[in-house]
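Here is the structure we will look at, set down as structure tokens.
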Amino acid sequence: MIVHLRPEANPGAVQKALVARGLWPQRLEGIGVQYRIGSCSNHVTSEELLAIEGVAGVAHAASPHPLVDAQPEQVQVAGVAIGGGAPAVIMAGPCSIESQQQIDSIAARLGALGVSFLRGGAFKPRTSPYSFQGHGSEALLWQRQAADRYGLKVVTEALAETHAQEVSQMADLVQIGSRNMQNTALLKVVAGTGKPILLKRDMAATVEEWLLAAEYCLHHGAASVIFCERGIRSFDPTTRYVLDLASAALLSKVHRQPVIVDPSHGTGRRDLIPALSHAALAAGAAGLMIETHDDPGGALSDGPQALPPEELRKLLADIETAGR
Ligand code: PEP
Ligand code: MN
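Mind the numbering: the sequence shown is residues 5 to 328 in my numbering, read in order.
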């Protein structure tokens, strides 16, 4: 929103009054003095701003993502409430679906732990063409059967437009991977299936670009969009990515959106997952996506960032004790 000042107003005093209301005004130079107030966790009415001495008018700029703004804080995916104060939703499972036996055995353990969504990639985006690429369509079926057997929902990635239909038929929640967040052709096709989308943040995307990618999904028919913060790339290779929990807080507390945090990809290290999981929930995350593997040392992808089920069990018990 834009706050215009009267010619005789004292800009410093108006700025102080805005800051005192918990706002983040940014002075705009031009004809007269104006302040722009961006998205802000403190909600004030136009009347309150007009009551400040020196304020001549308040204008509301049109949002570039009206459908995202209109999305409710809490969404339902296959009967699971996500966000808006619902209990933390846990999505867990291996990075890749490696065999029918593997996904069935991990699903049995996760079902017993109260996990809601079984994750796992059938189509894998790998950096090297020589790395395991996923078992494709066959793996989707194994995952669906394992999830149904143990009372879980399915979240899995649609990597390409050619797979969008079959993935959306098998999944309860269709994942768009980080590398595809700005693949608008894929977003349109997946959204056109009408399924809810888990939109992972591109590792180099700004929050605004992420919000606009979500707007694409809603505009093209997605039932809802759940954001997933999975870390961004920085100058520091100490952890695999830099898990941006400020974005989780901003999306949840300012934009009022459901956001899931993925500390597995965000850190690349299983020993950091518990700390970052607690921090994510404290920052307002609606839930967590955690890679889990029966034998992380033998995993075909992302073993170092997978928790064995026993460690996941401990973490979930601690989360429950903390009342989340
Ligand atoms: C994944 O969830 O397995 C994955 C490939 O994640 P990302 O797109 O965040 O790298
Ligand atoms: Mn992975």
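The beta-carbon is built from N, C-alpha and C at its ideal position, and this holds for glycine as well.
Item                                                                                                                                                                                                             : Value
What's the gap between the Cα of A321 and the Cα of L280?                                                                                                                                                        : 15 angstroms
One question on the structure: do G380 and R234 come within less than 9 angstroms of each other, judged by their Cβ atoms?                                                                                       : Outside the displayed span of the chain (5 to 328) sits residue 380, for which this structure offers no information.
Consult DSSP for V79 and reduce its assignment to one of helix, strand or coil.                                                                                                                                  : strand
For the alpha helix (DSSP H) that G196 lies in, which residues bound it at each end?                                                                                                                             : T188 to G196
Any idea which residues DSSP pairs C232 with across the strands?                                                                                                                                                 : K204 and I264
If we count the other Cβ atoms within 10 Å of its Cβ and call it buried at 16 or more, is A284 buried or exposed?                                                                                                : buried
Is it buried or exposed for E12, if we count other Cβ within 10 angstroms and need 16 for buried?                                                                                                                : exposed
Taking the straight line between their C-alpha atoms, what separation do you get for D176 and A250?                                                                                                              : 28 angstroms
Taking the C-alpha atoms as reference points, what is the distance between Q78 and A168?                                                                                                                         : 25 angstroms
Closer than 8 angstroms to a non-hydrogen atom of the ligand MN - does that hold for the CB of D176?                                                                                                             : no
How many Å lie between A217 and M174 at the Cα?                                                                                                                                                                  : 23 angstroms
State yes or no: is the C-beta of A1 within less than 9 angstroms of the C-beta of K204?                                                                                                                         : The structure shown does not extend to residue 1, since the chain is modelled only from 5 through 328, so no value can be given for it.
Three or more beta-carbon pairs under 8 angstroms between the segment 40-53 and the segment 74-91, yes or no?                                                                                                    : no
Can you tell me where the beta strand (DSSP E) holding Q199 begins and where it ends?                                                                                                                            : For the record, residue 199 in the displayed sequence is Lys; it is not Gln. Neither: K199 is in no beta strand (DSSP E) and is coded neither H nor E.
Does D152 pass the burial test, meaning 16 or more other C-beta atoms within 10 Å, or should it be called exposed?                                                                                               : exposed
Return the first residue and the last residue of the beta strand (DSSP E) that P11 is part of.                                                                                                                   : No beta strand (DSSP E) contains P11, which DSSP labels as neither H nor E.
How is K128 classed by DSSP in three states: helix, strand or coil?                                                                                                                                              : coil
Can you tell me the Cα-Cα spacing of V263 and L276, whole angstroms?                                                                                                                                             : 20 angstroms
Would I180 and L202 qualify as a contact pair, given that the criterion is a beta-carbon distance under 9 angstroms?                                                                                             : yes
Please state the DSSP three-state secondary structure of Q147.                                                                                                                                                   : helix
Can you tell me which of A310, A116 and T242 puts its alpha carbon nearest to the alpha carbon of S268?                                                                                                          : A310
For Y220, does the three-state DSSP call read helix, strand or coil?                                                                                                                                             : helix
Assuming contact is defined by CB atoms lying nearer than 9 angstroms, are G58 and P15 in contact in what I supplied?                                                                                            : yes
My parser needs the alpha helix (DSSP H) runs of 4 or more residues fully inside the segment 134-178; what are they?                                                                                             : 141-153 and 168-174
Specify the secondary structure class of G307 as computed by DSSP and reduced to three states.                                                                                                                   : helix
Which one or two residues does DSSP pair with I107 in a beta bridge?                                                                                                                                             : For I107, which the question treats as bridged, DSSP gives no partner whatsoever.
Just to confirm, is the Cβ distance from L122 to A150 under 9 angstroms?                                                                                                                                         : yes
Taking the C-alpha atoms as reference points, what is the distance between R113 and G307?                                                                                                                        : 18 angstroms
What residues are listed by DSSP as bridge partners for V84?                                                                                                                                                     : V81
State the beta-bridge partners of L122 as determined by DSSP.                                                                                                                                                    : A96 and V158
Quick check on the burial criterion: 16 or more other C-beta atoms within 10 angstroms. Buried or exposed for V23?                                                                                               : exposed
Using 8 angstroms as the cut-off, can you tell me whether the segment 289-296 makes contact with the segment 92-103, which would need three or more C-beta pairs spanning the two stretches below that distance? : yes
In terms of DSSP beta bridges, what is Q38 paired with?                                                                                                                                                          : H8 and L32
Could you tell me which residues DSSP puts in a beta bridge with L292?                                                                                                                                           : I94 and V265
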